[in-house]
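Structure first, then comments.
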Amino acid sequence: MFYNAVNQAKSEIKEIVMSALGVLVSEGKIGAEPLPAFQVTIPNDSAHGDFSANVALVCAKALKTNPRALAQQIVDAAVLEGTSFDKIELAGPGFLNFFLGDKWFSEVVTNTLLLGADYGKTNLGAGKRVLVEFVSANPTGPMHIGNARGGAIGDCLASLLQTAGYQADREFYINDAGNQVAKFGKSLSLRYMQLCGGEGQKLIAEYGSDNEKITSEIYKDSQKENPDERLFPMPDDVYLGQDIIEHAKNYYDINGDVLADKSEEERAKALVDYALPLNEARLETDLMKYRIKYDNWFKESSLHKSGAVKEVIEHLKAGGYTYEQDGALWLKATELGGEQDFVLLRSNGFPTYIVPDIAYHYNKLVTRGYDKAIDVLGADHHGYVKRMRVCLKAMGIDEKRLDVVMCQMVNLVRDGEVVKLSKRSGKAITLSTLLDEVPIDEARFFFNLRSTDTHLDFDLDLAVEESSKNPVFYVQYAHARICRVLEKMAESGAKYNGGEVNFTEEPEFALIRKIAELPELVNEAASEYSPFKMTKYVYEFAQVFHKFYDTCPIKDAEERVKLARLALCAASKTVIANVLAMLKIDAPEKM
RNA sequence: GCGCCUGUAGCUCAGCUGGAUAGAGUAUUUGGCUACGAACCAAAGGGUCGGGGGUUCGAAUCCCUUCAGGCGUACCA
């Protein structure tokens, strides 16, 4: 069962207005011209009513009259009997402001309690299957702070879509093939050989089993400004992070220098076979810590094994979308609306990254038949999105079935300054470090607090230090407060057990209006892919609740009022708990 | 050069399918608890919505132009 009081009220207003206009036409007071659609909105200022319609402003021109005159005619012709509304007012340049009657408010509260954990759910998605792919970090190293944003957003977006009636699955795409992995192997191999060599053996002799010391020494050495001073030099096109050295050392501890005599290729393969599964497992545990559980982990390598990657090439060739130049195979992207052509198969015969990616999206949308694929990506991939759309077109797939949520970059701020992440050093704040420093609730809430297309500053000092005055805390406090009140009142025998409730005070009405907004907001946020609207909402909700709490006493109120307010508290608790549950954030009963 | 994103209060950001006096948090100042949880509430100050043009009853919102920042623009992913 779905319940959306705001939507119902808006529909009622439209009916009231339309029938009033019908009366005016039949009485010859206005012409019968076709009229543009008008909007019903919730005004910012409650003095402007519970709902506001701009019908007179929008239609005045077509009817060759002025907005206020038309508005007045509509007010005169409107019939409110049998509707949720008590009165209509003409205001400002010609707005029609509608004021709700008591019954509507009572029903919102009782229906919310009736629905409980289901309150807020809607049927916008009507069971459509969507696949939300997010994070999909390379398994060649640890995740960074950008993945923290993408993770929180992707996960909450999937929940939001589920709340809105979509059948949404979460998926992580593992790039366990191709160039990145080759680079990973090369890096591991170089580090391994360094450990087997003279300088490496010296370090091992000196520090014995203190692997942390050994890896950090090697890492520091590789960071030296002057390349000639480095004892463990590395080329530019490899991974330099400390995690690579750790893997090499661990392998060395287990197997010794057995790989030293092997071919470069063999050595790299052995090391990748050892380290990649460890990294993949690490991704999963780190994300679990972040409360993200995927429905599926999809391996790129499976697309190579199944032949899907080759099929993409054949498909594109057969479609006449390719040509050869300089020994490489190109896609005629410009013919399909792209900015420039690009390479599918390199002259060495290996596919570029985009080919398995096409196969992957084909798999999502055709093989598995999802209605939509939603990719949560970092802003540094926006060029990629255009290319992917062109490719989908070439594959005969409607490119509108791919939606992309772009997350702008996250700047890490420490001591008031932006920390520059250098690629060379491989130095970055990892997701797991971040989660050690910042509570999970807060991280998930914070990254969902802002629209994804703003560039975000993440101030580490602030996040840690201000944990007692941050927004998520404020919301949780409201929930805990309600729980305690309900508990205390119940102890004294006061408990709402159904029945009619009535309200008289403005803070009560304000709170009920806010409760009523939830389903409509879920629809809005889901259709815009904006989970941040939910955090914003629940924060505002807590605000309105606190205000109600401060102005409307419960304990000392007369019995009828007390019970109504208890019902309102319980409904408020339901709202906060439902939204926080959706975001996978704790709703504590005590704190 | 071209493309995408951003520019709103001291700071961090909402508002952007045009609507009524541009809003929150934070910071600053000031009030409110012998208590249904003050981890809260209330009040005040703080704005040329980057600049300039245009569209109309009405522009932070749409169009043009310009300035500033971020990111892209590989036979890397």
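The first sequence begins at 46 in this note's numbering and counts up one residue at a time. Backbone N, C-alpha and C fix where the C-beta goes; we use that ideal spot for every residue, glycine too.
Per DSSP, what are the beta-bridge partners of Glu134 in this structure? In the DSSP assignment, Glu134 forms a beta bridge with Asn142.
Taking DSSP as the reference, what is the three-state secondary structure of Ser572? If DSSP states are grouped into helix, strand and coil, Ser572 belongs with the helices.
Pull up the CB-CB distance for Leu361 and Leu376, whole angstroms please, since I reckon it's below 8 Å. That pair is a contact at about 7 Å.
Using the DSSP secondary-structure output, state which residues sit across from Val11 in a beta bridge. What the structure shows of the chain is the stretch from 46 to 636, and residue 11 is not part of that stretch, so it cannot be assessed.
Starting from Thr596, trace the beta strand (DSSP E) both ways and give me its first and last residue. Where Thr596 is concerned, there is no enclosing beta strand (DSSP E), although the alpha helix (DSSP H) it sits in stretches over 577–596.
Give me the Cα-Cα distance between Ile87 and Ile474, rounded to the nearest whole angstrom. If you take the alpha carbons of Ile87 and Ile474, they lie about 43 Å apart.
Please classify Asp619 as buried or exposed, where buried requires at least 16 other C-beta atoms within 10 Å of its C-beta. Checking the sequence, you will find Thr at residue 619 rather than Asp. With at least 16 other beta carbons inside 10 angstroms of its own, Thr619 counts as buried.
Presumed contact (8 Å Cβ cut-off) between Phe548 and Ile557, rounded CB distance: Confirmed, about 7 Å.
Distance, Cα to Cα, Thr397 vs Asp281? Annotation: Thr397 to Asp281 spans about 21 Å, alpha carbon to alpha carbon.
What residue does the alpha helix (DSSP H) around Gly243 start on, and which one ends it? Taken as a continuous stretch (DSSP letters only), the alpha helix (DSSP H) holding Gly243 covers 243–252.
Let me know if Pro138 comes out buried or exposed under the rule of 16 or more other beta-carbons within 10 Å of its beta-carbon. Under the 10 Å beta carbon count, Pro138 is surrounded by fewer than 16 other beta carbons and is classified as exposed.
Among Lys269, Asp443, Gly196, Lys307, whose alpha-carbon lies nearest the alpha-carbon of Lys334? The shortest C-alpha separation from Lys334 is found at Gly196.
So, with DSSP's three-state summary, where would you put Ile419? Of the three classes helix, strand and coil, the one that applies to Ile419 here is strand, per DSSP.
Whole angstroms are fine: how far does the CA of Gln117 sit from the CA of Gly423? Taken atom to atom, the span from the alpha-carbon of Gly423 to that of Gln117 is near 52 Å.
If we count Cβ pairs, one from each stretch, closer than 8 Å, do we get three or more for the region 484–496 versus the region 221–229? They do not touch, by the three-pair rule.
Any idea what DSSP makes of Lys468, helix, strand or coil? Any reading at Lys468 needs caution, since the residue's pLDDT is 49, under 50, leaving its predicted position unreliable; the model's value is listed next. Coil.
Tell me the DSSP secondary structure of Lys334 in three-state form. The DSSP-derived three-state label of Lys334 is helix.
Using the DSSP secondary-structure output, state which residues sit across from Val449 in a beta bridge. Note: Val449 sits in a beta bridge opposite Asp420.
With a CB to CB cut of under 6 Å and the five nearest residues on each side skipped, what residues in its chain are close to Cys241? Asp302, Ala305.
Quick check on this structure: which residue in Val430, Val411, Arg459 has the alpha carbon closest to the alpha carbon of Met718? One cannot answer for residue 718 here, as it falls past the ends of the chain, which runs 46 to 636.
When you compare only the Cα positions, how much space is there between Ser575 and Thr497? One Cα belongs to Ser575, the other to Thr497, and the distance between them is close to 8 Å.
With 16 other Cβ atoms within 10 Å as the buried cut-off, status of Glu562: The residue is buried, with at least 16 neighbouring Cβ atoms inside 10 Å.
What is the DSSP secondary structure of Ser151, counted as helix, strand or coil? In the structure shown, Ser151 sits in a helix (DSSP, three-state: H, G or I).
According to DSSP, simplified to helix, strand and coil, what is Glu369? Glu369 falls in the strand class under three-state DSSP.
Excluding the 5 residues preceding and the 5 following Lys468 in the sequence, name in chain order all residues of the same chain whose CB lies nearer than 6 Å to its CB. With a pLDDT of 49 at Lys468, under the threshold of 50, the predicted position of this residue should be treated as unreliable, though the coordinate-derived value follows. Closer than 6 Å at Cβ, skipping near neighbours: no residue.
For the ligand MG, I want to know if Val606 counts as a neighbour, meaning its beta carbon is within less than 7 Å of at least one of the ligand's heavy atoms. Here there are no bound small molecules, and the ligand MG is not part of this structure.
Contacts around Gln207, its chain only, beta-carbon distance under 6 Å, and the 5 residues preceding and following it disregarded: Closer than 6 Å at Cβ, skipping near neighbours: Ala213.
Pair within 8 Å by beta-carbon distance, Ser477 and Leu169: In this structure, Ser477 sits away from Leu169, with a CB-CB distance that is not shorter than 8 Å.
From what residue to what residue does the alpha helix (DSSP H) around Ala193 run? Taken as a continuous stretch (DSSP letters only), the alpha helix (DSSP H) holding Ala193 covers 190–208.
Find the nearest neighbour of Val153 within the set Gln53, Asp255, Asp504, judged by alpha-carbon distance. Taking only the C-alpha atoms, the option nearest Val153 is Gln53.
Give me the Cα-Cα distance between Pro484 and Val103, rounded to the nearest whole angstrom. Taking the straight line from one Cα to the other gives about 49 Å.
When the Cα atoms are used, what is the spatial distance from Val85 to Leu158? Annotation: Val85 to Leu158 spans about 27 Å, alpha carbon to alpha carbon.
Leaving out five residues on either side along the sequence, give the residues of the same chain with a beta carbon under 7 Å from the beta carbon of Asp504. Contacts found: Val458.
Just the Cα atoms here: how many angstroms apart are Asp486 and Asp631? Here the C-alpha atom of Asp486 lies approximately 7 Å from the C-alpha atom of Asp631.
When the Cα atoms are used, what is the spatial distance from Tyr296 to Ala320? Answer to the nearest angstrom: the Cα atoms are 8 Å apart.
Could you please give me the residues that DSSP links to Tyr218 through a beta bridge? In the DSSP output, where bridge partners are listed per residue, Tyr218 has Phe343.
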